[in-house]
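Those protein sequences? They're chains A and B, same order as listed. Going letter by letter, the first sequence gives residues 3 to 457 in this note's numbering. Going letter by letter, the second sequence gives residues 28 to 298 in this note's numbering. One structure is given below, encoded as structure tokens.
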Amino acid sequence: MKILLTGLNHKTAPVELRERLAIAPENLAAETQALLSHPGIREGLILSTCNRVEVLICHDGDDPELSKYLNQHFSIDEKTLQPHLYAYRDAEAVRHLFRVASSLDSMVVGEPQILGQVKESYSAARSVGAVGPALERLLQSAFTAAKKVRSETLIGASSVSIASVAVDLARKIFGSLEGKRVLLVGAGKMSELAARHLMQQGARSLLIANRTHERAVRMAQKFEAHVVRFDDLYARADEADILITSTGSPEFLIRTPHAQQFLHRRRNRPMFLIDIAVPRDIDPEINRLEGIFLYDIDDLQSVAASNLASRSSEAMRAEAILEQEVVRFQKRVEVLDVVPTLVDLQAAAEEMRQAELRRNHGRLRSLTPSQLEVIESITRGLMNKFLHQPLQTLKAAAREGDTAAVELIRSAFQRQGGREDAGNAAQEQSAPDADAPPAESAGKSGEPESLISKH
Amino acid sequence: MFLVWLRVAVVLYGLASVATLAAVFGNRPQWKRLSVSLAIIAWLFHGVSCTEMLADAHRWMPAGMHEVQSMLALLITTAFLLILWRYRTLSFGVFALPLALLLTVVPSLGLDKYAFKSPMIRSGWLFVHITGLLSAYAALIFSLTASLLYLIQERRLKNKRSPGFLNWLPPLETMDQIAQTTLVLGFCGLTIGLFAGSLIAQEIYGARYFADPKIWLSFLMWGLYVVLLFVRRSKGLRGLRAVYISSLVFLAMLSVWAANVFSSVHRFSAP
């Protein structure tokens, strides 16, 4: 079974092209089923995110020309699509899939969503029966590799967006955000995003204050928040643990005396102030007050940039882990590839049968051709019956991915694993039988393989 | 046999300390699991050692410096494990486990040369006295550590471009809660311990007992403790000022410990 992965991503294709190929989550199962109907494809999966569209298939024989399938299916001419497509085969495809699942190929390296998206694609493919043993093994190994990268490196430990940096800092101050109150001063897009992140992380309630009261009301309805009149801002700001400002005010809205009042009313409980406005809304001097933690847009961006740099160094460690995982997967596939072992076992048994018949050639000389035919039939029948159960067990173990059982059966018959078998079997078959007397060796005597054919 | 268990605990404390440093500074989950497992096993061996030590001596309380040190180390590890369980932070292990290791090294080398010989040794009041005070010491160590870490974290968050190696510090609010809770628990232990000790002293020695430097330093420490608690709770004191007050009480605590040498009526090491 061969593996082929083809597709395009944010590095190879512009968004205009990516969006033409993008598949909505609800259509993923149907599209995967359509893929499976393409000639030559045994198993398949489609990964479609905002940054990539990739098709992963297992096939026998020649490449099933996936680019043609993509051209026809998405009605995009070959000239437009071809320059942006990449294709990986076998070990390269495995490596690429592992990198994608581990978020090393993502636009923001280390982002956690991609693993969930790969799992969704897997579920969709499974639901339409597009995942067989080969793809199952490959995807489970990809999930394991991604989990290992997450647990053994710090690739996803630090935040790299402004909103998530704000959440991280809030956590450094308050621990859990459960029950914390957020006050939004000004209804800008960035502050809305930061507030949304904080609420998702467990912040209890949202207060909104805006010079245009109606706009505050509209936004409050969207978030199920409470509105604070702008005139009451200084009287009520101390109710909030986290205060986000993004007004268009040309002067500082909050100065040291205000912050001192807030702290006094809060009995010095810490306050986290996020000033996203340009020009700034909060006097930077108030950061000197004990219990006040003020971050402006530059501070947040600088934390995000330094986190991004540390992710890059962790990515190198992650690549090394993935390389080991790719090798491990390849070895496992080789172990579970039992076809050469089956051929080898049958050839070895047949060789043994022939050797025994040759050894007793003198004693069988007096038999008639029909009697010899009976002996031939009995010995072959015995051999097949003896081999039947081990071969069935070997096939079942390979199907179930039970490497231990496969190895056990191989060692019981003194066979080596994987692709080496084929080579060994070929060598053993071409070499003269070491145990057989030289004169009786099929190769040297020039005798045909079967006794029947001699007569 | 209890010395054997104690030596095993010392080795495990050493390993747990190394694993904790790796877990906290390297932020590696597998080291975290290892360090927690080692700390729990060390604590179990240590607990068995202390129980066997007291059972062999047919008493409930430690009667020499080695025994007291060992018991204090056990209380510190217990407090660390409770904090770990309650607040899910391993960071305190960076201090607690090496401290437990240091406190148990000498006791694991052999028995006390001198022990408290008084027949009072089997008194229930004396047990309350010593357990209460040792708990207070352990609690105060954690309170001071939490206040110091709070200060470092506060400076780090204010400076904004702080070094990455301090990422392991727990959140401010967690440290504040630990500092407050241990302070209250320590105060309860100190009050109970001093009250029980005063009752015994009044009964046996009368007023002259209270002229001893170790004894009045203990009361000074209690007084400072009351002030610290009052100010912290009423003003919501945090950061640098909280550290100053905690340090003052901690110094008083060290003085009480050191005053053992100068005390004429309350000492462990003299025959």
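All C-beta atoms in this analysis are idealised placements derived from N, C-alpha and C, irrespective of residue type, glycine included.
Given a threshold of 16 other Cβ atoms within 10 Å of its Cβ, counted over all protein chains shown, does A/Ala436 qualify as buried or as exposed?
Residue placement at A/Ala436 is poorly supported in this model, since its pLDDT is 35, which falls under 50; the coordinates still yield a value, given next. A/Ala436 is exposed by the Cβ-count criterion.
Identify whether A/Met273 lies in helix, strand or coil by the three-state DSSP scheme.
DSSP places A/Met273 in the strand class (E or B) of the three-state scheme.
So, at 8 Å on beta carbons, what are the nonlocal neighbours of B/Ala49 in its own chain, with the 5 sequence-adjacent residues on each side left out?
Close CB contacts of B/Ala49 within its chain, under the 8 Å cut and outside five residues either way in sequence, are with Arg55, Trp58, Ser62 (chain order).
Taking C-beta pairs closer than 9 Å, name the residues in chain C that A/Phe264 reaches, listed in chain order.
The chain labelled as chain C is not found among the protein chains of the depicted structure, namely A and B.
Could you tell me whether the Cβ of A/Pro272 comes closer than 8 Å to any Cβ of chain B?
The C-beta of A/Pro272 comes closer than 8 Å to at least one C-beta of chain B.
Measure the C-alpha to C-alpha separation of A/Arg319 and A/Thr146 and round it to an integer number of angstroms.
Rounded to the nearest angstrom, the two C-alpha atoms are 16 Å apart.
With a 10 Å radius around its C-beta and 16 neighbouring C-beta atoms as the bar for buried, classify B/Gln96 as buried or exposed.
Label assigned to B/Gln96: buried.
What alpha helix (DSSP H) runs, 4 residues minimum, are completely inside the region 306-331 of chain A?
The region 306-331 of chain A contains no whole alpha helix (DSSP H) run of 4 or more residues.
Indicate whether the contact test is met: 3 or more Cβ pairs, each with one atom in the region 241-248 of chain A and one in the region 270-286 of chain A, closer than 8 Å.
Enough Cβ pairs lie closer than 8 Å, so yes.
Which residues in chain B sit within 7 Å of A/Asn11, going by Cβ to Cβ distance?
A/Asn11 does not reach chain B, its nearest Cβ partner there being about 30 Å away, counting only Cβ pairs nearer than 7 Å.
If you draw a straight line from the C-alpha of A/Leu265 to the C-alpha of B/Met248, how long is it?
Distance between the alpha carbons of A/Leu265 and B/Met248: 30 Å.
Is the beta carbon of A/Leu137 sitting closer than 8 Å to the one on A/Leu47?
Taking 8 Å as the Cβ cut-off, A/Leu137 and A/Leu47 qualify as a contacting pair.
Nearest-angstrom Cα separation, counted from A/Leu72 out to A/Val329
Going by the C-alpha atoms only, they are around 31 Å apart.
According to DSSP, simplified to helix, strand and coil, what is B/Ile103?
Helix at B/Ile103.
Please confirm whether A/Ser232 and A/Ala211 have their CB atoms less than 8 Å apart.
The question names Ser, yet the displayed sequence has Phe at residue 232 of chain A. By the CB criterion at 8 Å, A/Phe232 and A/Ala211 fall inside the cutoff.
Contact criterion: CB-CB distance below 8 Å. Does A/Ala427 meet it with respect to chain B?
Caution is warranted here: a pLDDT of 42 is assigned to A/Ala427, below 50, making its placement in the model unreliable, and no coordinate value can be reported.
Please report the straight-line C-alpha distance between B/Leu71 and B/Leu111, rounded to a whole angstrom.
Near 16 Å, if we compare the C-alpha coordinates of B/Leu111 and B/Leu71.
Residues of the region 196-218 of chain B with a CB closer than 7 Å to any CB of chain A: list them in chain order, please.
Answer set for the region 196-218 of chain B: Pro198, Leu199, Glu200, Thr201.
Length at least 4, wholly inside the region 224-292 of chain B: the alpha helix (DSSP H) runs in chain order:
For the region 224-292 of chain B, whole alpha helix (DSSP H) runs of length 4 or above, ordered along the chain, are 240-262, 266-285.
Mind listing the chain A neighbours of B/Arg265? Cutoff is C-beta to C-beta under 9 Å, in chain order.
What B/Arg265 touches in chain A: Asn270, Arg271, Pro272, Glu292, Gly293.
Chain A contact for B/Lys185 (CB, 8 Å cutoff):
Yes, because at least one Cβ of chain A sits closer than 8 Å to the Cβ of B/Lys185.
Inter-stretch contact (C-beta, 8 Å, three-pair minimum) for the region 307-318 of chain A and the region 146-161 of chain A
In this structure the region 307-318 of chain A lies against the region 146-161 of chain A, because at least three pairs of beta carbons, one per stretch, are closer than 8 Å.
Cα-Cα separation, B/Asp239 to B/Ser245
Our two residues, B/Asp239 and B/Ser245, have alpha carbons roughly 10 Å apart in a direct line.
Quick one: which unbroken alpha helix (DSSP H) runs of 4-plus residues sit fully inside the region 55-138 of chain A? Chain order, please.
68-76, 80-83, 93-103, 115-129, all fully within the region 55-138 of chain A.
Close-in-space but distant-in-sequence residues of the same chain around B/Met98 (CB under 7 Å, 5 per side omitted)
Taken in chain order, the residues that qualify are Cys77, Pro89, Leu161.
For A/Ala279, which residues of its own chain have a beta-carbon under 6 Å away from its beta-carbon, when the five flanking residues on both sides are left out?
Cβ neighbours of A/Ala279 beyond the five flanking positions: Thr247, Ser248, Thr249.
Which residues, taken in chain order from the region 136-155 of chain A, show a beta carbon closer than 8 Å to some beta carbon of chain B?
Cβ contacts with chain B come from Ser153, Glu154.
Cutoff 8 Å: A/Gly177 Cβ touching any chain B Cβ:
Closer than 8 Å to some Cβ of chain B, the Cβ of A/Gly177 qualifies, so yes.
Could you pull out every residue in the same chain whose Cβ sits closer than 6 Å to the Cβ of B/Leu33, ignoring the five residues on either side in sequence?
Closer than 6 Å at the Cβ level, and outside the excluded window around B/Leu33, lie Ser76, Ser135.
Name the chain A residues that come within less than 9 Å of B/Lys262, Cβ to Cβ?
For B/Lys262, the residues of chain A that pass the 9 Å Cβ criterion are Arg269, Asn270, in the order they occur in the chain.
Taking CB distances under 8 Å as the criterion, tell me whether A/Lys174 reaches chain B.
Closer than 8 Å to some Cβ of chain B, the Cβ of A/Lys174 qualifies, so yes.
By a C-beta neighbour count over all protein chains shown, 10 Å radius and 16 as the cutoff for buried, is A/Ile2 buried or exposed?
Any answer about residue 2 of chain A is impossible in this case: the structure gives chain A only from 3 up to 457.
For a contact defined as C-beta to C-beta under 9 Å, what are the partners of B/Pro56 on chain A?
Going along chain A in sequence order, the residues near B/Pro56 (Cβ under 9 Å) are Ser153, Glu154.
Bridge partners for A/Ile256 per DSSP, in chain order?
A/Ile284.
Beta-carbon contacts of B/Ala165 that lie in its chain and below 7 Å, excluding the five residues immediately before and after:
Here the set comprises Leu99, Leu102, Ile103, Ala106.
Output, in chain order, the set of chain B residues within a Cβ distance shorter than 8 Å of A/Asn289.
The CB of A/Asn289 comes closer than 8 Å to the CB of Lys185 in chain B, given here in chain order.
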